[in-house]
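For reference, the structure discussed in these notes is given below.
Protein chains: 2
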Amino acid sequence: MAGSQHDTPAVTARLDDFLCFSIYAAEHAFSRAYKPLLADIRLTYPQYLVMTVLWEEDDQSVGQLGTKLSLESSTLTPLLKRMEADGLLSRHRDKQDERVVRVKLTEPGDKLRERAAKIPACILGATGMSLEELGRLRDQITQLTQRLVEAS
Amino acid sequence: MAGSQHDTPAVTARLDDFLCFSIYAAEHAFSRAYKPLLADIRLTYPQYLVMTVLWEEDDQSVGQLGTKLSLESSTLTPLLKRMEADGLLSRHRDKQDERVVRVKLTEPGDKLRERAAKIPACILGATGMSLEELGRLRDQITQLTQRLVEAS
DNA sequence: CGCTAAACAATCGTACACGATTTAATCGTA
DNA sequence: TACGATTAAATCGTGTACGATTGTTTAGCG
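Okay, structure coming up:
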């Protein structure tokens with residue numbers, strides 16, 4: 001048959017060896033860890049990420065949000081519409097450039113920030129890691145992401 | 001400044017500071033890096049993970065797959081049905097215990113393993129990391145996941 | 001033996017997520 | 001200034017992903 005001498009050995013990499021799978025599992029674990037905390041303030045995990053971006057800087061375009069979150073308009077538009085229906089934010093065409101839709105927090109959306117303020121500490125506690133460890137790990141992962149993006 | 005003495009300061013954590021977001025972004029980046037490679041063999045990323053588990057050990061129950069992949073039957077059942085329709089695997093009730101459904105690779109599903117064999121090396125190249133670095137990072141992330149799961 | 005409890009997969013409803021396409025607005029340049 | 005190219009969102013179709021519920025089958029216990 002094919003690889004009588006060297007090429008691909010019959011060995012298959014184990015899933016647990018995959019860095020990508022560890023990331024996949026960690027993403028699920030984070031999402032689940034956040035779920036009960038976010039349920040209190042009636043946000044999903046992606047919605048929480050959007051709110052975090054807006055709490056950081058209000059009045060951004062859909063495109064800006066997409067860049068920061070690595071999401072397409074095809075994902076963001078319905079997500080933002082749900083959040084608008086929930087009264088968290090408003091969406092309006094930019095007067096200067098009608099192609100652009102600007103997203104602004106409503107009063108309740110802005111207020112929610114206070115109720116969400118304790119969440120990061122809860123998650124930090126769940127990780128059982130120090131801020132330094134956590135920061136180092138985050139930076140390594142961010143660097144990895146950048147390389148993956150550049151390579152594609 | 002910040003904590004004049006205690007309660008929540010007006011400062012909001014920046015999204016980029018969040019470990020969870022670095023994971024979220026990395027998960028997207030991996031999924032996108034795999035996409036063109038997987039398109040060649042007509043698999044989605046989650047389907048590839050299922051195949052990897054089955055290449056490692058054939059003939060597993062839906063529950064076993066779910067445990068290894070951290071997925072619910074509500075996710076796996078439709079996913080496996082699509083893969084069955086694509087001729088990659090078969091699903092049959094276990095004769096000993098009619099509650100369980102056993103998933104087996106078909107001949108084409110097994111053969112696909114060879115064509116997929118070069119993918120890990122492509123991804124490794126895209127990360128620009130050494131196997132040692134990669135392994136260390138993976139172990140840290142796996143440990144993090146375990147702590148998150150335990151804490152919930 | 002019979003009956004409840006538990007286990008397993010499937011189903012349903014909701015919510016991301018993406019690529020490809022579409023629509024509308026603006027820009028560039030002849 | 002006209003008109004093709006570009007940009008920004010939205011739309012459409014497909015595929016995960018989950019919680020809650022359902023339907024079957026098996027296990028456990030009196």
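Sequences listed follow chains A and B, in order. Numbering follows the numbering used here, with no gaps: position 151 of the first sequence is 151. Numbering follows the numbering used here, with no gaps: position 99 of the second sequence is 99. Glycine included, every Cβ here is placed at the ideal spot set by N, Cα and C. Predicted, not measured: the structure shown is a model, and the values here were computed from it.
In the DSSP output, what is residue i paired with across the bridge?
{"i": "B/Arg102", "result": "B/Ser61 and B/His92"}
Whole angstroms are fine: how far does the CA of residue j sit from the CA of residue i?
{"i": "A/Glu56", "j": "B/Glu72", "result": "35 Å"}
{"i": "A/Met83", "j": "B/Lys68", "result": "34 Å"}
{"i": "B/Phe143", "j": "A/Asp97", "result": "Strictly speaking, residue 143 of chain B in this sequence is Gln, with Phe absent from that position. Approximately 48 Å between the Cα atoms of the pair."}
{"i": "B/Val103", "j": "A/Arg32", "result": "27 Å"}
{"i": "A/Gly63", "j": "A/Ser74", "result": "11 Å"}
{"i": "A/Gly135", "j": "A/Ala26", "result": "16 Å"}
{"i": "B/Gly155", "j": "B/Asp139", "result": "Here chain B covers residues 1 to 152 and nothing more, so residue 155 of chain B does not appear."}
{"i": "A/Ser22", "j": "B/Ile141", "result": "6 Å"}
{"i": "A/Val133", "j": "B/Lys95", "result": "The question names Val, yet the displayed sequence has Glu at residue 133 of chain A. Cα to Cα, A/Glu133 sits roughly 50 Å from B/Lys95."}
{"i": "B/Leu65", "j": "B/Thr52", "result": "11 Å"}
{"i": "A/His92", "j": "B/Ala13", "result": "26 Å"}
{"i": "B/Ala151", "j": "A/Asp58", "result": "33 Å"}
{"i": "A/Leu49", "j": "B/Arg147", "result": "22 Å"}
{"i": "A/Ala85", "j": "A/Leu15", "result": "41 Å"}
{"i": "A/Gln47", "j": "A/Asp17", "result": "32 Å"}
{"i": "B/Leu79", "j": "B/Thr44", "result": "10 Å"}
{"i": "A/Phe30", "j": "B/Leu19", "result": "10 Å"}
{"i": "B/His28", "j": "A/Ser70", "result": "8 Å"}
{"i": "B/Thr77", "j": "A/Tyr24", "result": "19 Å"}
{"i": "A/Lys35", "j": "A/Lys81", "result": "21 Å"}
{"i": "A/Ala39", "j": "B/Leu131", "result": "39 Å"}
{"i": "A/Leu137", "j": "A/Leu124", "result": "13 Å"}
{"i": "A/Thr145", "j": "B/Thr145", "result": "18 Å"}
Is residue i close to chain B, meaning its C-beta is less than 7 Å from at least one C-beta of that chain?
{"i": "A/Val103", "result": "no"}
{"i": "A/Glu56", "result": "yes"}
{"i": "A/Cys122", "result": "no"}
{"i": "A/Ala13", "result": "yes"}
{"i": "A/Val100", "result": "no"}
{"i": "A/Glu107", "result": "no"}
{"i": "A/Thr44", "result": "no"}
{"i": "A/Arg149", "result": "At residue 149 of chain A the sequence reads Val, which differs from the Arg that was named. With 7 Å as the cut-off, A/Val149 counts as an interface residue toward chain B."}
{"i": "A/Ile141", "result": "yes"}
{"i": "A/Val53", "result": "yes"}
{"i": "A/Leu134", "result": "yes"}
With a threshold of 7 Å on Cβ separation, who are the neighbours of residue i within its own chain once the five nearest residues in sequence on each side are excluded?
{"i": "B/Ile41", "result": "Leu112, Arg115 and Ala116"}
{"i": "A/Ser90", "result": "Glu84, Lys104 and Thr106"}
{"i": "B/Asp7", "result": "Bear in mind that the predicted position of B/Asp7 carries a pLDDT of just 44, short of 50, making it unreliable; the figure below should be weighed with that in mind. Contacts found: none."}
{"i": "B/Asp149", "result": "According to the sequence shown, residue 149 of chain B is Val rather than Asp. No residues qualify anywhere along the chain."}
When you compare the CB of residue i with every CB in chain A, is at least one pair closer than 7 Å?
{"i": "B/Gln47", "result": "no"}
{"i": "B/Gly128", "result": "yes"}
{"i": "B/Arg115", "result": "no"}
{"i": "B/Ser4", "result": "Any answer about B/Ser4 is weak, because its pLDDT of 42 lies below 50 and its placement is not dependable; what the coordinates show is given next. No, B/Ser4 lies away from the interface with chain A (no Cβ there is under 7 Å from its Cβ)."}
{"i": "B/Leu137", "result": "yes"}
{"i": "B/Ser90", "result": "no"}
{"i": "B/Leu112", "result": "no"}
{"i": "B/Leu131", "result": "no"}
Who are the near neighbours of residue i in its chain, counting only those whose CB is closer than 8 Å to its CB and skipping five residues on each side?
{"i": "B/Gly87", "result": "Thr106, Pro108 and Gly109"}
{"i": "B/Ser4", "result": "For B/Ser4, the pLDDT reaches just 42, beneath the cut-off of 50, and the residue's location in the model is therefore unreliable, leaving the point undetermined."}
{"i": "A/Ala126", "result": "Ala33"}
CB-CB under 6 Å to residue i, same chain, minus the five flanking residues each way: which ones, in chain order?
{"i": "A/Leu37", "result": "Ile119 and Cys122"}
{"i": "B/Val100", "result": "Ser61 and Asp94"}
{"i": "A/Leu54", "result": "Leu105"}
_Residues within the region 59-79 of chain B neighbouring chain A, beta-carbon criterion of under 9 Å_ = Lys68, Leu69, Ser70 and Leu71
*asked:* Under 9 Å, CB to CB, which of the residues in the region 23-41 of chain B have a partner in chain A?
replied: Ile23, Tyr24, Ala25, Ala26, Glu27, His28, Ala29, Phe30, Ser31, Arg32, Ala33, Tyr34, Lys35 and Pro36
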